[in-house]
Amino acid sequence: MTTAPTVVLVHGMWHGGWAWDRVAGLLERDGHPCVAVTLPGQDRAPGDPTFRGHCEHLAGVLAGIPGDVVLVGHSYSGALLGEAGDAPNVRGMVFVSAFCLEPGESVASVNDAEAGSQAGVNDIRQVGDHLIIDADTAKHAFYHDCSPADAASAAGRLTPEHISTRSGIVSRAAWRTVPSHFVVCTLDRACTPEVQRMMAARVDSTSELEAGHSPMLSMPEAVADEITRFAAKVRG
């Protein structure tokens, strides 16, 4: 019997590995070992909090996992998948409303190029070298289709993010050589469906969920199903 690949789950800006708790529980119940990464940052994990530091952190996580990996990124962390996702053990990648970027692009350059984002440059505060998103803004942009309790809980756990996470320029595109799938969230207020579909056209396959920006909270079963189906495909 073939061992199921380890699913490595990477969170978006201001979040932590906790954002994947429900999805990870469902995947592990169905026999998929999971690693929910918490990237370095203020009030988060120790280490280099910059975009490059995050890329190196993810590369180190992947290097420490024996066997095959399916790498899953949400929102900002799609940029990290492009940089680190061609590690030798990565068999496939899933972008969940995530920034699937070409070399030379950044999260800011793509998300701010089109009108409509409610978590864009004008919705974020810069304090020193960090970016802050206020709880009310996060509830509206990230969690509008979540339960009020889940929205309040998640907004209360957000932490500052280094400014380079938005502006860091991508130098690689691992999705060109690693089988990849994009999950478009059609009710997303943070990364508009139009921007997502533009990026989704770059990869091998795509699907859509009628969800806001945080489907791992609002519909974890559907997200787990997307990952499971793709994992089975790349194993086959």
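Every letter in the sequence shown is one number past the one before it in full-length UniProt numbering, and letter 93, counting from 1, is 93. Where a beta carbon is used, it is the ideal one built from N, C-alpha and C, also for glycine.
Within 8 Å, strictly: CB atoms of residue i and residue j
{"i": "Thr-6", "j": "Val-69", "result": "yes"}
{"i": "Gly-47", "j": "His-57", "result": "yes"}
{"i": "Ala-19", "j": "Leu-209", "result": "no"}
{"i": "Thr-165", "j": "Tyr-76", "result": "yes"}
{"i": "Val-23", "j": "Ala-224", "result": "yes"}
Residue i in three-state terms, based on DSSP
{"i": "Arg-91", "result": "strand"}
{"i": "Phe-99", "result": "coil"}
{"i": "Thr-228", "result": "helix"}
{"i": "Met-1", "result": "Any answer about Met-1 is weak, because its pLDDT of 45 lies below 50 and its placement is not dependable; what the coordinates show is given next. Note: Met-1 maps to coil in three-state DSSP."}
{"i": "Glu-221", "result": "helix"}
{"i": "Glu-28", "result": "helix"}
{"i": "Ser-214", "result": "coil"}
{"i": "Ala-45", "result": "strand"}
{"i": "Val-183", "result": "strand"}
{"i": "Gly-16", "result": "coil"}
{"i": "Arg-172", "result": "coil"}
For residue i, the first and last residue of its enclosing beta strand (DSSP E)
{"i": "Ala-119", "result": "Ala-119 -> no beta strand (DSSP E), and no H or E assigned at all."}
{"i": "Val-10", "result": "6 to 10"}
{"i": "Thr-206", "result": "205 to 209"}
Range covered by the alpha helix (DSSP H) that runs through residue i
{"i": "Pro-39", "result": "Looking at the sequence provided, one finds Leu at residue 39 rather than Pro. Run containing Leu-39: none; DSSP gives neither H nor E here."}
{"i": "Met-199", "result": "193 to 200"}
* To do: Kindly confirm or deny that the stretch 124 to 137 and the stretch 150 to 161 touch, where touching means at least three C-beta pairs closer than 8 Å.
  => yes
With a threshold of 8 Å, are at least 3 pairs of Cβ atoms found where one atom belongs to the stretch 91 to 100 and the other to the stretch 115 to 124?
no
message: Within 8 Å, do at least three Cβ pairs link the stretch 69 to 86 to the stretch 162 to 180?
response: yes
Original post:
Three or more C-beta pairs closer than 8 Å, one from the stretch 164 to 172 and one from the stretch 101 to 111: is that the case here?
Top reply: Contact holds: three or more Cβ-Cβ distances are below 8 Å.
**Prompt:** Counting only runs that start and end within the stretch 104 to 167, where is the alpha helix (DSSP H) found for 4 or more residues in a row?
**Reply:** The stretch 104 to 167 is shown to contain whole alpha helix (DSSP H) runs of 4 or more residues at 107 to 111, 135 to 142, 148 to 155 and 164 to 167, in chain order.
Check whether the stretch 45 to 59 touches the stretch 183 to 198, counting contact only when three or more Cβ pairs, one atom from each stretch, lie closer than 8 Å. no
* What runs of the beta strand (DSSP E), each 3 residues or longer, lie entirely inside the stretch 55 to 84? -> You should have 69 to 74.
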